[in-house]
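Working notes for the structure below.
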Amino acid sequence: MPRSPQDELDWLLAESRRARVPLYQWLGGPVRNKVRILTPMQAGTPEELRRLWPLGARAFSVPVAAGGPARRFVSDTVRRLEALRAAGGDAADFVLSCRAQLTPLQASQVARALEGFHLLWMDEPCPVRYTEGLRKLAEETAVPLGFGTAVEEPAAFLGLLRDGLGAVLRPSLPHFGVQMTRKIAALAESYYVAVAPLAGESQAWRNAALQVAGCTANFFIQELAGVPLEDGYIALEARP
Amino acid sequence: MKRRMFLTAASAPPLLAQAGPAGARPVGAQAFDGLGSKLRITAVKVFGVSISRESDRPYVFVKLETNEGLAGWGEATLEGKAGAVMACVEDFREFLIGADPMQVEHHWQSMYVHSFYRAGPVMGSAISGIDQALWDLRGKALGVPVHQVLGGALDSRGVRGYYHARAATRAELEKLRETAVRDGVSCFKTGIPGYYEWIDSHAKVKRAVAHLTMIREALGPDIDIAVDFHAKTSPAVASVLVRELEPLHLLFIEEPCPPENVEAMRRIARRTTTPIATGERLVAHYGVREIIERGVADILQTDINHTGGITALWKIGAMAELGGLSLAPHACEGPIGGIATLHVDSALPNFLVQEICGGVEPGPAEKIWEEWLGFPAMRMVAGRFPLPQKPGLGFELPDEALKRYPFNGTRPMARVFHSDGSVAAW
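Those sequence lines, one after another, are chains A and B. Here the first sequence stands for residues 102 to 341, where the numbers follow this note's numbering. Here the second sequence stands for residues 2 to 427, where the numbers follow this note's numbering.
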């Protein structure tokens, strides 16, 4: 009988509580003892980075500023990221969050300019419906690409993987639910591709995301704002 | 009795066919009555050999004995799985006792096809050891070295090889270059530092590139450098690295990602002009077909101890030749497989370079090999492995020589982890 992701989560939590184990234990046992966290930035400025650094943040999701003059877009983006790297040093890592706001051409130009910068990945550069443009982008650039924030059908991830479009899949945990997110991760694993699920806003799903991270082999990083971190990580908790 | 005479009496009744219950023969053998030789396999012996207590790769040697006193040796060493391979060789006993060892291809087909499940490293290694021993017998019976039966050596100077660069600092690397120039060694292999996650950080990528740049600078432009990623990088991380390493003009980059996903490796390969090498974990010629036909890699590295012995390695060499690829076979086990590989290498026009997991200075293992075989096995002279010239694989090995190194059980290979405790590839 189909049930909603929320019903599924409630059931999983009830079952794991009854068994007196954390959810990650119920789902297959821990594969790691701490979870790497991606901290979203609002402005993406060095000042913001310096404010977040003492809270333990080491990996940052930087929103792309696509509104400025087109001819300066690439150089502005490179300059912003270089200023952030200068503020954080070699220990700072960045995701360029594009929110599907670029054209495939803009994405190609930015990716080419940033190859030596070592972004963790470039997130959702353009809408996934631009299949051919994205295929060209993925073949041209060595910058890892992340996709999936706007994917609604789980089977669509197979197309992304088959076409080699993503190095990171970003299924929405509240949208797909725990088991389907883990199934998407299992599919990605056979392509040597990582997952960085989206947790959404509610506390229940934010907690669930850390549980899924704890037991999923090809999990890479969890985007979460406002949690205290230790050198970029949050420890996995032992209590149910 | 001359060796060649074993083969001349094909019309005589098979020796063991008349020998009662002890003279069992493999199923299907009677179809070749009157066609084969008089040689019959009378014993299959498996030796587990631990040259140190902690070794994760005790050697597995296979010895086939015959009714005419000839014996053939092969190697079935499978790192971390010695016990399984020894058991698998035992499982093939019924395929071999009473069989005519000259029918190498027939036995290979029977072991592979009649095992139904095909491929797999345990079975591949067991077949490899038996196949090498069959070829050793074949060469000995014919009175020629194995490379002669494979079409003849193409270069009388021997087989070009490489050692592993066991040097970490610039000073050590510069000393290594001096030794290499002195000894005529023209190529080394090294790895990338650390373990890698699915996506990896700026700091780790930067460190890897700096490390390899330092190695190129210290070894200079005239020594070939191969870099083994050892499949510890994902396609995402490998893509970044291969792009940045292009200016170092490496001889090849090995296993930029694990081998199960051919398309993933193809995408990495398309991001660089550096040749890509892969195949040490692949079994049989079936295992490399997709890599060849889709242009995934430039160099194949199938291992004679896992891929199915001389028979399979030669077929892979032939397929690679037709596909425009070269061969640089993996060898990181014992001396028998290494020597067997040299015979195949020498007869392949598309052979590039032969590995041996040794340093430019011989270590304890190489000394033991010399003690067993009576010559410095798998040690290069002027940058090349001398080609064995005696019949068969080209050595004699008394069983007693191995008794000093009894089997100490299977030991697992290295198990390494990331800082969060999750499993890392090495």
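Here a beta-carbon is modelled for each residue, glycine too, at the ideal position from N, C-alpha and C.
Rounding to the nearest angstrom, what Cα-Cα distance links A:I335 and B:T234 in this structure? As a first step, residue 335 of chain A must be located in the first sequence, where it is residue number 234. As a first step, residue 234 of chain B must be located in the second sequence, where it is residue number 233. Roughly 24 Å separates the two Cα atoms.
Which same chain residues, not among the five before or five after B:R272, have their C-beta less than 7 Å away from its C-beta? Within the second sequence, numbered from 1, the residue matching residue 272 of chain B stands at position 271. Answer for B:R272: S240, V243, R244, listed in chain order.
Inside the segment 189-220 of chain A only - alpha helix (DSSP H) runs reaching at least 4 residues: 205-214
With a floor of 4 residues, list each alpha helix (DSSP H) that falls wholly inside the segment 79-132 of chain B, ordered by position along the chain. 83-92, 94-97, 105-114
Check whether chain B comes within 8 Å of A:E183, counting only Cβ atoms and requiring the distance to be less than that. As a first step, residue 183 of chain A is located in the first sequence; it is residue number 82 there, counting from the start. No, A:E183 lies away from the interface with chain B (no Cβ there is under 8 Å from its Cβ).
For the structure I just gave you, are there three or more beta carbon pairs, one from the segment 290-302 of chain A and one from the segment 320-329 of chain A, closer than 8 Å? yes
First and last residue of the uninterrupted alpha helix (DSSP H) at B:H212: As a first step, residue 212 of chain B must be located in the second sequence, where it is residue number 211. Counting along the chain, the alpha helix (DSSP H) containing B:H212 begins and ends at 203-220.
Pick out whichever of B:K207, B:V206, B:E256, B:G75 has its Cα sitting closest to the Cα of B:V228. Locating residue 228 of chain B in the second sequence gives position 227, counting from the first residue. Cα-wise, what sits closest to B:V228 is B:E256.
Residues of the segment 204-229 of chain B in Cβ contact with chain A at a cutoff of 8 Å, in chain order, please. A204, V206, K207
Starting from A:K135, follow its DSSP beta bridges and name the residues at the other end. Here residue 135 of chain A is taken as the residue at index 34 of the first sequence, counted from 1. Per DSSP, A:A336.
Please report how far the alpha carbon of B:L436 lies from the alpha carbon of B:N306, in whole angstroms. Residue coverage of chain B in this structure runs from 2 to 427, which leaves residue 436 of chain B outside it and unanswerable.
Quick one: is B:F414 buried, meaning 16 or more other Cβ sit within 10 Å of its Cβ, or exposed? To locate residue 414 of chain B, count along the second sequence from 1; it is residue 413. For clarity, residue 414 of chain B is Met in the given sequence; the question names Phe instead. Exposed, since its Cβ has fewer than 16 Cβ neighbours within 10 Å.
Establish whether the CB of A:V269 and some CB of chain B are separated by less than 8 Å. For the purposes of this step, residue 269 of chain A is identified with residue 168 of the first sequence, where counting begins at 1. Yes - at least one Cβ of chain B is within 8 Å of the one on A:V269.
So, is B:P27 buried or exposed, given that buried needs 16 or more other C-beta atoms within 10 angstroms? Locating residue 27 of chain B in the second sequence gives position 26, where the first residue counts as 1. Buried, by the Cβ-count rule.
Please confirm if A:F321 has its CB atom under 8 Å from at least one CB of chain B. Translated into positions along the first sequence, residue 321 of chain A becomes position 220. Closer than 8 Å: yes.
Confirm, please, whether the CB-CB distance from A:W222 to B:I269 is below 8 Å. The sequence position of residue 269 of chain B within the second sequence is 268, counting from 1. The sequence position of residue 222 of chain A within the first sequence is 121, counting from 1. No, Cβ-Cβ distance for B:I269 and A:W222 is not below 8 Å.
Counting contacts by CB-CB distance shorter than 8 Å, is B:V241 in contact with chain A? Position 240 of the second sequence, counted from the start, is the residue given in the question as residue 241 of chain B. It does: the Cβ of B:V241 has a partner Cβ on chain A nearer than 8 Å.
Determine, using beta-carbon pairs with one atom in the segment 268-286 of chain A and one in the segment 301-310 of chain A, whether at least three such pairs fall under 8 Å. yes
Among the residues of its own chain, which have a CB less than 6 Å from the CB of B:G81, if the five just before and after it don't count? As a working mapping, residue 81 of chain B is identified with position 80 in the second sequence. Closer than 6 Å at the Cβ level, and outside the excluded window around B:G81, lie D57, P413, M414.
Segment contact flag, the segment 127-147 of chain B with the segment 162-173 of chain B, C-beta cutoff 8 Å, min 3 pairs: Output reads no: the segment 162-173 of chain B does not touch the segment 127-147 of chain B.
Close-in-space but distant-in-sequence residues of the same chain around B:V417 (CB under 7 Å, 5 per side omitted): Against the second sequence, residue 417 of chain B aligns to sequence position 416. Result list for B:V417: Y196, A425, W427, in chain order.
Examine chain B for any beta-carbon lying closer than 8 Å to the beta-carbon of A:K135, and answer yes or no. Taking the first sequence and counting its residues from 1, one reaches residue 135 of chain A at position 34. Yes, its Cβ sits closer than 8 Å to a Cβ of chain B.
Checking contacts by CB at 8 Å: is B:R1 closer than that to chain A? There is no way to answer for residue 1 of chain B, as the model of chain B reaches only from 2 to 427.
Verify the CB distance criterion: does B:A23 have a CB-CB separation below 8 Å to chain A? As a working note, residue 23 of chain B is residue 22 in the second sequence. Caution applies to B:A23, whose pLDDT of 47 falls short of 50 and renders its modelled position unreliable; the model cannot decide the point.
Helix, strand or coil at B:K368 [DSSP, three-state]: Your numbering for residue 368 of chain B matches position 367 in the second sequence. Helix, per DSSP.
Under DSSP, the beta strand (DSSP E) around A:M223 begins and ends at which residues? For the purposes of this step, residue 223 of chain A is taken as residue 122 along the first sequence, with counting starting at 1. Residues 222-224.
Could you tell me whether the segment 383-402 of chain B touches the segment 62-79 of chain B, using the rule of 3 or more Cβ pairs below 8 Å? yes
Please report the residue range of the beta strand (DSSP E) in which A:L266 lies. For the purposes of this step, residue 266 of chain A is identified with residue 165 of the first sequence, where counting begins at 1. Careful: A:L266 lies outside any beta strand (DSSP E) and carries neither H nor E.
Show which residues of chain A have a CB atom less than 8 Å away from the CB atom of B:E322. Position 321 of the second sequence, counted from the start, is the residue given in the question as residue 322 of chain B. None at all; the shortest Cβ gap to chain A is about 29 Å.
Determine the DSSP secondary structure at B:E264, reduced to helix, strand or coil. For the purposes of this step, residue 264 of chain B is taken as the residue at position 263 of the second sequence. In this structure, B:E264 counts as helix in the three-state DSSP scheme.
Contacts around A:E290, its chain only, beta-carbon distance under 7 Å, and the 5 residues preceding and following it disregarded: Here residue 290 of chain A refers to the residue found at position 189 when the first sequence is read from its first residue. Within the same chain, A:E290 has close Cβ partners A318, N319.
Please check if any C-beta of chain A sits within less than 8 Å of the C-beta of B:A265. The residue given as residue 265 of chain B occupies position 264 in the second sequence. For B:A265, a Cβ of chain A is located within less than 8 Å of the residue's own Cβ.
Per-residue contacts from B:A285 into chain A (C-beta, under 9 Å): Here residue 285 of chain B is taken as the residue at index 284 of the second sequence, counted from 1. Result: empty, since nearest Cβ-Cβ is about 22 Å, beyond 9 Å.
DSSP state of B:A13 mapped onto helix, strand, coil: Residue mapping note: residue 13 of chain B aligns to position 12 of the second sequence, counting from 1. Only weak support is given to the placement of B:A13: the predicted model assigns it a pLDDT of 39, under 50, and the value that follows is read from those uncertain coordinates. Here B:A13 sits in coil by DSSP.
Pair within 8 Å by beta-carbon distance, B:G99 and B:A25: By one-based count along the second sequence, residue 99 of chain B stands at place 98. By one-based count along the second sequence, residue 25 of chain B stands at place 24. Contact flag set, yes.
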